[in-house]
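Numbering (my numbering), first residue to last: 208 to 409. Report on the structure given below.
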């Protein structure tokens with residue numbers, strides 16, 4: 208099962224493209240999606256400034272920021288923990304202590320975000336086509352759905368769309384088949400962002 212699920216990006220691209228093509232934002236989630244996108248757009252300069260330091264699309268960072276931190280710039284991009292100290296929840300102890308700057312407590316959002324993104328090696332990614340981005344975003348959150356609950360498409364991507372109904376991890380490693388994600392997934396956000404920000408993602 209694991210060998211079948213953990214396919215390469217090239218193997219998964221057609222799946223992501225098909226899901227994206229069929230994806231529609233649920234009518235009752237459209238207004239919430241648009242409100243989030245408006246906040247993302249208002250902070251676009253800050254995301255773009257970060258991109259000057261790490262070659263990752265600004266909107267890619269923004270949708271992660273919404274999923275992990277509800278667009279709060281006082282939280283770690285890794286998992287939404289407070290920037291006042293290193294992360295407590297998984298991944299814990301991030302950013303690592305810096306031997307030059309001596310970071311132990313207190314981080315800027317940019318410092319933490321760069322650590323989170325480089326930890327996942329997004330700075331090395333060459334393929335930023337849409338299916339590849341969806342794969343990277345799922346990988347950022349974790350592949351537990353693919354591994355253990357393939358009957359449910361990850362709400363990290365698909366919540367708020369016709370591709371997701373119910374079933375989610377309510378805590379690390381704790382599954383609830385009847386729980387419903389209240390978040391707006393990144394696919395819905397990208398659908399609106401592509402249109403309103405005139406993004407050229409293929």
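Just so it is clear, CB atoms sit at the ideal spot from N, CA and C, and this is done for glycine as well. Model, not experiment: these values are computed from the prediction.
Per DSSP, residue 382 is not a residue of any alpha helix (DSSP H); the beta strand (DSSP E) it occupies stretches across 381 to 383.
If you draw a straight line from the Cα of residue 228 to the Cα of residue 369, it comes to about 11 Å. Here residue 218 is exposed, its C-beta having fewer than 16 other C-beta atoms within 10 Å.
Shown here, residue 398 sits in a helix according to DSSP, grouped into three states.
Per DSSP, reduced to three states, the secondary structure at residue 229 is helical.
Annotated three-state conformation of residue 376 is strand, per DSSP. Residue ranges of uninterrupted beta strand (DSSP E) with 3 or more members, entirely inside the stretch 315 to 384 and ordered along the chain, are 375 to 378 and 381 to 383.
The C-beta of residue 240 has 16 or more other C-beta atoms within 10 Å across all chains shown, which makes the residue buried. Between the stretch 267 to 274 and the stretch 240 to 258 there are three or more C-beta pairs closer than 8 Å, enough to call the two in contact.
Around the Cβ of residue 262, a 10 Å sphere holds fewer than 16 other Cβ atoms; the residue is exposed.
For the pair residue 301 and residue 274, the CB atoms are not nearer than the 8 Å cut-off.
Close CB contacts of residue 314 within its chain, under the 6 Å cut and outside five residues either way in sequence, are with 290 (chain order).
For residue 246, the enclosing alpha helix (DSSP H) has its first and last residue at 237 to 249.
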